[in-house]
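Novice: Let me begin by handing over the structure; questions about it come next.
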Amino acid sequence: MSNQNLKDTRQNIIDRGNAFQNYIEVFVLHESAKRLLDALSRHCDVYIFSGVIRDYFLERSGDSRDLDIVVNTDLSLSHFIKLISRYAKVRVNSFGGLKIKFDDFNYDIWYLKDTWAIRRFNLEPTPEVLLETAFFNSSAIIYDYKANSFIISDKFCEFIMTNELDIVLKENPNIGLCILNIYHYKKILNCSISERLKNWIGEQSVSIGNLRKEQIRHFGKILYDSLQLD
-19 MSNQNLKDTR
-9 QNIIDRGNAF
1 QNYIEVFVLH
11 ESAKRLLDAL
21 SRHCDVYIFS
31 GVIRDYFLER
41 SGDSRDLDIV
51 VNTDLSLSHF
61 IKLISRYAKV
71 RVNSFGGLKI
81 KFDDFNYDIW
91 YLKDTWAIRR
101 FNLEPTPEVL
111 LETAFFNSSA
121 IIYDYKANSF
131 IISDKFCEFI
141 MTNELDIVLK
151 ENPNIGLCIL
161 NIYHYKKILN
171 CSISERLKNW
181 IGEQSVSIGN
191 LRKEQIRHFG
201 KILYDSLQLD
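Residue numbering for the sequence shown follows the working numbering, starting at -19 and increasing by one per position.
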């Protein structure tokens, strides 16, 4: 993997900022959700991250059923909830973020300063640092909604170039879900798994029973009776 290939991949991603904006407006955002994000962006920085961006670059349009949003704001939580409530019903989820729903599409909103790794390791709450706290390399990219541009880690570029799922930050509060997603992404993304990620799985002590419970909680049913990477 040459530096020039990495540079070219990064530039190609940057050049698709406008196309991604059109994509989410047409295929992802409910009309009310767009009004909400437009309103939020007048008060704070708004960033979109995780699966919807990955699926866009893998040309898996329409597969995402949720959108993860991070905001950088000094507004109090009560003030922020009041602002969101003008556009949708909102509730606090089990991890401290905010959850709203339009039709069958879920939106999870987090304060940048309150994301798990930034709080756990007392890190500077910046978009660039957020990329370093992603678990998967496929999540090491965010979209700045206000600036209409991507903020990218080399880890994400490497994922696009190799189609290999790798780990960025080993520490995570939900080990069971991480393990489950490794198997799930291998299947639905048809990607390979890095040796480092395989070794990480071997270091964990999560029972098959707990992984079955995690599937029911996350997917609503058991998708995988046998969890094997090869």
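We put the CB at the ideal spot given by N, CA and C, even for glycine.
These numbers come from a predicted model, not from an experiment.
When the Cα of I181 is compared with those of L203, C158, C171 and I196, which residue comes out closest?
Specialist: Numbered from 1 along the sequence shown, position 201 holds the residue referred to as residue 181. Considering only alpha carbons, the answer is C158.
Novice: For the beta strand (DSSP E) holding L(-14), just list the boundary residues, first then last.
Specialist: As a position in the sequence shown, residue -14 is number 6, starting the count at 1. L(-14) -> not in any beta strand (DSSP E); alpha helix (DSSP H) instead, spanning N(-17) to I(-6).
Novice: When you compare only the Cα positions, how much space is there between E151 and L177?
Specialist: Sequence index remark: in the sequence shown, residue 151 carries index 171 (1-based). Sequence index remark: in the sequence shown, residue 177 carries index 197 (1-based). One C-alpha to the other measures close to 12 angstroms.
Novice: DSSP state of V6, grouped into three classes?
Specialist: Residue 6 sits at position 26 when you count from the first residue of the sequence shown. Three-state result, V6: helix.
Novice: From the DSSP output, read off the bridge partner residues of K79.
Specialist: Here residue 79 refers to the residue found at position 99 when the sequence shown is read from its first residue. The partner list for K79 (beta bridge, DSSP) reads R71 and D88.
Novice: Can you check which of these residues, T95, T142, N(-2) and K81, is closest to L38 by C-alpha distance?
Specialist: Working through the sequence shown from its first residue, we reach residue 38 at position 58. For L38, the nearest C-alpha among the options comes from T142.
Novice: Any heavy atom of the ligand FAD closer than 7 angstroms to the CB of L111?
Specialist: Of the ligands one can find in the structure shown there are none, so the ligand FAD has no counterpart to examine.
Novice: Could you tell me if S218 is buried or exposed, where buried requires 16 or more neighbouring beta carbons within 10 angstroms of its beta carbon?
Specialist: Shown here, the chain extends from -19 to 210; a query on residue 218 therefore has no answer.
Novice: Taking the alpha-carbon positions, what's the S58 to W90 distance?
Specialist: Walking along the sequence shown from the start, residue 58 turns up at place 78. Walking along the sequence shown from the start, residue 90 turns up at place 110. Using only the alpha carbons, I get a separation of about 14 angstroms.
Novice: Might you give, ordered along the chain, the residues of its own chain that have their beta carbon closer than 7 angstroms to the beta carbon of N170, omitting 5 neighbours on each side?
Specialist: Along the sequence shown, one-based indexing puts residue 170 at 190. Nothing listed; no residue qualifies.
Novice: Can you name, in chain order, every residue of its own chain whose Cβ lies under 6 angstroms from the Cβ of S30, other than the five neighbours on each side?
Specialist: Position 50 of the sequence shown holds residue 30. The answer, listed in chain order, is D48 and S119.
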